[in-house]
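According to this note's numbering, the sequence shown is numbered sequentially starting from 47.
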Amino acid sequence: MLPPMAHPVFLTLGITLLSIGTVFNILSMLYARHATPEYSSFVELHTQGEMRDLTERINDAVLRFEFGNYSITSDDEWATLFPPHGGQIMLNGSKYDVSLYLQLKCLDTVRVTFVALRDVFNDESPARAIDSVDFKETGYCLDVLRQTVLCTADVTLEPGEVVVLSDGSIDMAVTGNHVDHICRDWVQVREFVEKNQKSWDR
């Protein structure tokens, strides 16, 4: 049991620590509210007159996932995904990247890295082919794609189907093939970008 005189000391200490904690929390909130962040949030960009989205409403479209197009080794096929200037647009005198094309560029970067590593591993390319791979950019792009998937948060339910495994056994698996997804109309986005780019020289 504590001596009688110890109780006021602990009570005073507790009240002092509680007061310091309260003041610290208030100062932290004030700092967070008024400090200049390292990046601008959407609200700040919007109030500063910056653009967040295209100036045109993009309609929904249905995309049935089918596999077979866009061979992983076909640079020409992948190049058709991009409009001129890599998908940049000009609005109110400022140039912007459209996220769709930044994300596709990142996917293409990951593709090129994968093909280069696979070919070296399979002895289809000399080991020096790896020298052309930008692993830092590939890592950045994987993070962009991770956040893109989270941002999209596609909640389409994908049914399982019967598949034959390599050992001949049968199992149920989700392949994603022939499943309809509700998307934003990427054709409309491209038309907007190309129309915007034609106005650059006017």
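All residues carry an ideal CB built from backbone N, CA and C; glycine is no exception. This structure is a prediction, so every number in the text was calculated from the model and none was measured.
Query: Contacts around T159, its chain only, beta-carbon distance under 6 Å, and the 5 residues preceding and following it disregarded; Result: V179 and T184
Query: Per DSSP, the bridge partner or partners of H227; Result: L109
Query: Continuous beta strand (DSSP E) stretch holding L137: start and end; Result: Q134 to L137
Query: A175 beta carbon less than 8 Å from that of D165; Result: yes
Query: DSSP-derived helix/strand/coil call for M75; Result: Because the pLDDT of M75 is 45, which lies under 50, any placement of that residue in the model is unreliable, and the question is left without a value.
Query: Secondary structure, alpha helix (DSSP H): runs of 4+ residues fully inside the segment 178 to 230; Result: 181 to 198
Query: Classification of N115 by the beta-carbon crowding that lies within 10 angstroms, buried from 16 upward; Result: exposed
Query: Three-state secondary structure assigned by DSSP to D169; Result: coil
Query: For D143, three-class secondary structure by DSSP; Result: strand
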